[in-house]
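Undergrad:
Number of protein chains: 2
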Amino acid sequence: MGRWEPGARERLVVAAVELFTEQGYDDTTVAQIAERAGVTKSTFFRHFPDKRELLVAGQEALSTLLAEGIAVAPTDASAIDAVASGLERASAMMGPANRDLGPRIRAAVAASGELQERDALKSVGMAAAMSEALLQRGVAKPVAHLAAEMGVLAFKQGYAHWSEADRGDDDTLAPYALAALADLRAAASALG
Amino acid sequence: MGRWEPGARERLVVAAVELFTEQGYDDTTVAQIAERAGVTKSTFFRHFPDKRELLVAGQEALSTLLAEGIAVAPTDASAIDAVASGLERASAMMGPANRDLGPRIRAAVAASGELQERDALKSVGMAAAMSEALLQRGVAKPVAHLAAEMGVLAFKQGYAHWSEADRGDDDTLAPYALAALADLRAAASALG
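Protein chains in written order, with the working numbering: chain L, 3 to 194; chain A, 3 to 194.
1) Alpha carbon to alpha carbon, what distance is there between V58 of chain A and M96 of chain A?
2) Please classify F47 of chain A: is it buried, with 16 or more other beta-carbons within 10 angstroms of its beta-carbon, or exposed?
3) Out of A:V16, A:A150 and A:G127, state which residue places its alpha-carbon closest to the alpha-carbon of L64 of chain A.
4) Verify the CB distance criterion: does P76 of chain A have a CB-CB separation below 8 Å to chain L?
5) Could you check what DSSP says for A86 of chain A in three-state terms: helix, strand or coil?
6) With a 10 Å radius around its C-beta and 16 neighbouring C-beta atoms as the bar for buried, classify V111 of chain L as buried or exposed.
7) From the DSSP output, in three-state form, read off S80 of chain A for me.
8) Please classify T66 of chain L: does DSSP put it in a helix, a strand, or coil?
9) Helix, strand or coil for F46 of chain L? Go by DSSP, reduced to three states.
10) Check the Cβ of I82 of chain A against every Cβ in chain L and list those closer than 8 Å, keeping chain order.
11) Rounded to whole angstroms, what's the CA-CA distance from G115 of chain A to A167 of chain A? Just pull it up for me.
12) Please report the residue range of the alpha helix (DSSP H) in which L175 of chain L lies.
13) So D102 of chain A is in the alpha helix (DSSP H); what residue range does that whole segment cover?
14) What residues of chain L sit near R187 of chain A, judged by a beta carbon separation below 7 Å?
15) Taking Cβ positions, are A81 of chain L and V145 of chain A nearer each other than 8 Å?
16) Give a yes or no on whether the minimum CB-CB distance between V58 of chain L and chain A is below 8 Å.
17) Kindly indicate the opening and closing residues of the alpha helix (DSSP H) around D168 of chain A.
18) Please confirm whether S114 of chain A has its beta-carbon closer than 8 Å to some beta-carbon of chain L.
19) Short of 9 Å Cβ to Cβ, which residues in the stretch 132-154 of chain A face chain L?
20) How many Å lie between R200 of chain A and D173 of chain A at the Cα?
21) So with Cβ pairs under 8 Å, would you call Q118 of chain L a contact of chain A?
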């Protein structure tokens, strides 16, 4: 395998999720993941510090995109519209491979307490990134906190619906996330 | 030390949080915690499986009380009023010792990635318990999810304000949590 062969990172993620689902997270080694992906262990470690970080690959990128989308929304956009802009930008990084992995990642997370903790921290990180971006737009604190939680819920629910839906391959995540956000907006109206 | 000396559990929690803050979570051993609390290591292990679980002691009790408070709210109570009922019931288990520990626990969590993950999972568990209790009252799904997140935010913000406030010892957590919930309700109204 070449040192920088394109696609190694993606192959490692797919191989790891397959193995986690087949034999459990705890019983899967880095060596097994590398072998299944057809790369060396050193290649694994050039991409990920350990097997746990692999599963949340892209988390920082996701939080950054959510925050950027909020920052670039028009000045007069409402907090919810800014969150929608964040969801649209973050959705753009999720391709067909992410869609296929969704159910398998959820199965692996459901089977491992350690992954559940990592996954929970990921949600907290996404909420913090959106909340901070909203505060920088001058949104009041409780509104920013609640809108950020709505953004996290919308992203997760949208992703779940998108990866479970039996639809065309050209389906993108964005409309699913925005539909979930619209449901939550109606819920906020009912609760307010 | 007697095997079942009253107060051992509380002394272990206080000793652990002191040590986590003084020398860091990773460098603190179960033996040190037991010594500081004046109990044996076996006494530690009768109360907690490991040092990490110690810090989230009471988490299951908290989630149970939140859900119970929601379940016993009057049939015609709104989702937000049911969440308020859960916050009141859960607040009743938080005494002066919890109030004093608040800032020290936050310092220990801020200093440890492992504790951050555990703390994030705790929030997810609280939200799931409240969400489930609301669904059982017949609350619609998106409303239940959002109201549960508002309950978690209100509990955490209320607890932070309560433990930072320079007030009388007879101050209880409940009014702080309910004030935070009222702020979030106004925020929901603004977002809806």
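Here a beta-carbon is modelled for each residue, glycine too, at the ideal position from N, C-alpha and C. Predicted model, so just to flag it, every value in this text is computed and none were measured.
TA: Let me spell this out:
1) 13 Å
2) exposed
3) A:G127
4) no
5) helix
6) buried
7) coil
8) helix
9) helix
10) L193
11) 27 Å
12) Premise fails: L175 of chain L is in no alpha helix (DSSP H) and is neither H nor E.
13) P98 to A112
14) L193 and G194
15) no
16) no
17) No alpha helix (DSSP H) contains D168 of chain A, which DSSP labels as neither H nor E.
18) no
19) A142, K143, P144, V145, A146, H147, L148, A149, E151, M152 and V154
20) Residue 200 of chain A lies beyond the residue range present for chain A, which begins at 3 and ends at 194; the question has no answer from this structure.
21) yes
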